[in-house]
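Heads up, the sequence shown is in my numbering, so the first residue is 619 and it goes up one at a time. No residue lacks a Cβ here, since even glycine has one placed at the ideal position from N, Cα and C. These numbers were taken from a predicted model, which means no experiment stands behind them. Take a look at the structure set out below.
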Amino acid sequence: MNQNKQLVRFLALTIPVFVGIEIVGAIFLPQPVNTDVLVQNTEVQNSDSEEQLVSDSKSGGSARQNSSKMNEDSLFDALTEYDNLFDLKQALLRFVDDATQYELVEIFHEVREYPLAFESIHTTHWLRSVVLSKLFEIDSDKVQSLIEQLDEQTAQIVVYGVMSEWPQMYEDEAVKFLALFDTGLKRQGLLGLIDGSTSLHRSRVIEMGRELGFQEDYLTGLLDQHLLARDHTSLDNIATELENTISKGDFDFREAERKAVNFVLAQGLDSLPRVLEVFDAQSKGNMSQSTRMFFNGARSRLVSDIAVSDPEQMFEYLVSLGEALDVDLLSAVSDVWFGSDPETLWNRLEGTDLQDIRHDVIEDIIGRWTLREPDLALVSLEKFPPEYHDLVYVEVALEVAKASPFHALELLRETSDWSQTRSDREERRRNSDRSVAHYFAIDRIIASATRASPNSTIDWIESEESHLDDSMKQQFLDDVFQVWSKSDPYTAFEMAQQMPLSTDTAGFEATVLGSMGDVDQAIEWLTRVREGETKTNAYRRVMWRLQAQDRISDALELGSALPEHERKEYNEALARNIGHREPFDHLIAGIRALPSQELQVKAIRTRLLFIYLLPDTAPKITNKQLDQFKEFLTERENRLLDMGRRMFKDLIHEDLSE
């Protein structure tokens, strides 16, 4: 008795608000379950136990005067004296603490008769828990008798509710309490204990269940079902965390990622798609550019963290989803897998089910490792497939170039095609799956070295140390002067004029004039360029710059100083350049600015050839837009236009207004 009094007093002092759980949910019990089910206090049940209750009352101690409120001032009437849940529960605890066995039974029946009088269904279960735990200490047979008097559905509700509010520090008593009942009620009690618990460890629940006679596999299933029941709330928490971070314009998504990782680890990989859906839903909202940049990597970081314990399992799970394979997620997992077992990873990527994404995944792995650990990636070169060693060198060089551009240039020499001619390189580029990023990286490394020291970069390219073919030296020197002209055009121009001319190539001063920021200054320097191919190339490069600035009349005037045959080629080159203008009204304005119908037709032909021969990359065109060309064409050209319209009708798009 003293132990139970200590429990009741402890609860009275320390529990301000008891937070219940959804005990009549669709997952476990039939719906609806309310006062109609709870009101089961029939005359038959009362009459069967009335005499015994009176006897229990006499033997358990004297009753309060005036029946201690139970007769004259019923428990239900006394509830009106309290205007908040905390005070109500304190009063009920004091009431139960002093109650006799008879009064405890009466309270139990009062609660069943007026369940909604106790603020909420959770308070009802809590009071039953307090009453039955005390009554269990006095007379466990009486507890068993009370439950057996209830119909099956009500008994399940009562036992479930009582255990959902059972004090968690009294786990052993909970097992003894449930041991009184049959298997069905034990199961409901365990469910209530699981759902109401906030601190019971999974292993302890399994231990308690085994003491009650359940198999471990069955108990594991109950716990998994419990996790699924909390699924929605947990996903909401993740979504709320993401929303808060995005609304603040923040870019630290680690807390949301942590919650998502813990959620998946707790529930298993089958919960991952639902978590990813939460992230995908948030990605559709408005967020700052910097926030979106960090958010876009959140999904990949999430699966990386989950994959740490078993990357192969995570990889196979993602593949098994049966949807379009997500390269970003598979790359993130492969990044982890490479760190533990690269050979198995490469063998898996050879699978026929991955042939369409293999190259992209491997490139991503290399990019991640060279960005994060360039030195380690270089030392571990043999861990990568041989055909990707060139890419490793280039990516490491790109990362090293930030601090040591000339060391990066030396790394480029290690690539297999570095010493090849320009034409051989182009042939390999067309016939291999090497991406544009590979060559773009080389351009960036050359640019980094140029910004650090253009003269030293030129010296290295021209030296035998570079191991470059003459045609590639010419190409990379052109890259150097493009970069140099933007930072110091005067010095770059002076240096370019001193560079010897190679056969059938233009001098690098043409490159400088076509790349420098001040076009008018470039026009002034045109008179200083060397004759021949250099002069022709320089004029055209400046002309392209003028056209891009919508200065077509200036471009035409610039070409007027050329000899007639050069001027004709120059103007035709201008017309072809105008033929690629965008948007369409800008194209029409450019065509109209050309001085002759011959040049206008040249511009239109260029555009039509682009559309009909390269439809995947060319801008779309409509019938109405084709009609706008007619004012610039001869009658013969218009007939050819209509012929082309019929021949390539599948490439003509619907007018927006239709």
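Taking a C-beta distance under 8 Å as the contact criterion, histidine 1085 and serine 1037 qualify as a contact pair. Membership of lysine 1238 in any alpha helix (DSSP H) is not indicated, and neither H nor E is assigned to it by DSSP. Of the other Cβ atoms in all chains shown, fewer than 16 fall within 10 Å of the Cβ of asparagine 1073; this residue is therefore exposed. Around the beta carbon of glutamine 1218, 16 or more other beta carbons lie within 10 angstroms, which makes this residue buried. Take the alpha-carbon of leucine 943 and the one of aspartate 1061: they are about 32 Å apart. Non-local C-beta neighbours of serine 949 in its own chain, meaning closer than 7 Å and more than five positions away in sequence, comprise Val979, Asp982, Ile983, ordered along the chain.
Bridge partners of isoleucine 1270 according to DSSP: Ile1239. Between the C-alpha atoms of serine 998 and threonine 988 there is a straight-line separation of about 11 Å.
DSSP places asparagine 914 in no alpha helix (DSSP H); its state is neither H nor E. The C-alpha of serine 865 lies about 25 Å from the C-alpha of serine 922. Distance from phenylalanine 726 to valine 749 at the Cβ level is roughly 5 Å; contact confirmed, criterion being Cβ atoms closer than 8 Å. The residue among Asn880, Ile824, Val893 with its C-alpha nearest the C-alpha of alanine 857 is Val893. Annotation for glutamate 1190: Leu1217, Lys1220 place their beta carbon closer than 8 Å to its own, counting only its chain and skipping 5 residues before and after. For the options Phe1024, Ser1103, Thr772, Ser1120, the alpha carbon positioned closest to that of methionine 1090 is the one of Ser1120. With the rule of 3 Cβ pairs closer than 8 Å, the stretch 1127–1146 counts as touching the stretch 1103–1114.
Note on geometry: alpha-carbon atoms of asparagine 1155 and aspartate 1087 lie some 23 Å from one another. Only residues of its own chain outside the window of five on either side were considered, and among them Val1137 have a CB closer than 8 Å to the CB of glutamine 1167, listed in chain order. A straight-line Cα-Cα distance of about 21 Å links alanine 995 and arginine 966.
Contact between arginine 1263 and leucine 1232 is ruled out by a C-beta separation of about 18 Å, above the 8 Å threshold. Within the same chain, Cβ atoms closer than 8 Å to the Cβ of lysine 1020 are found at Ser1066, the five residues on either side in sequence being excluded. Ranked by Cα distance from leucine 1009, the options Ala1059, Leu963, Met1117 are led by Ala1059. One Cα belongs to valine 823, the other to leucine 803, and the distance between them is close to 16 Å. Measuring C-alpha to C-alpha distances from glutamine 885 to each of Trp1102, Ile924, Phe1250 identifies Ile924 as the nearest. DSSP, reduced to helix, strand and coil, places arginine 1169 outside both helices and strands of the structure shown, so it counts as coil. Under a 10 Å Cβ-count criterion, asparagine 1195 is classified as buried, with 16 or more other Cβ atoms of the shown protein chains found around its own Cβ.
Here DSSP, grouped into helix, strand and coil, assigns serine 1022 to coil.
The DSSP-derived three-state label of phenylalanine 869 is coil. Between lysine 760 and leucine 753, the CB-CB gap stays under 8 Å.
For the pair valine 937 and aspartate 971, the CB atoms are nearer than the 8 Å cut-off. Counting every other CB atom within 10 Å of its CB across the protein chains shown gives serine 852 a total of 16 or more, marking it as buried. Segment contact: the stretch 1096–1107 against the stretch 1125–1139, three or more CB-CB distances shorter than 8 Å; contact assigned. The DSSP assignment places 1040–1048, 1054–1070, 1072–1080 as complete runs of the alpha helix (DSSP H) inside the stretch 1031–1080, in order along the chain (cut-off: 4 residues). Per the coordinates, the alpha-carbon of serine 821 lies some 31 Å from the alpha-carbon of serine 958.
Assigned with DSSP and collapsed to three states, glutamine 1139 falls in helix.
Assignment of serine 747 by DSSP, reduced to helix, strand and coil, places it in the helix class.
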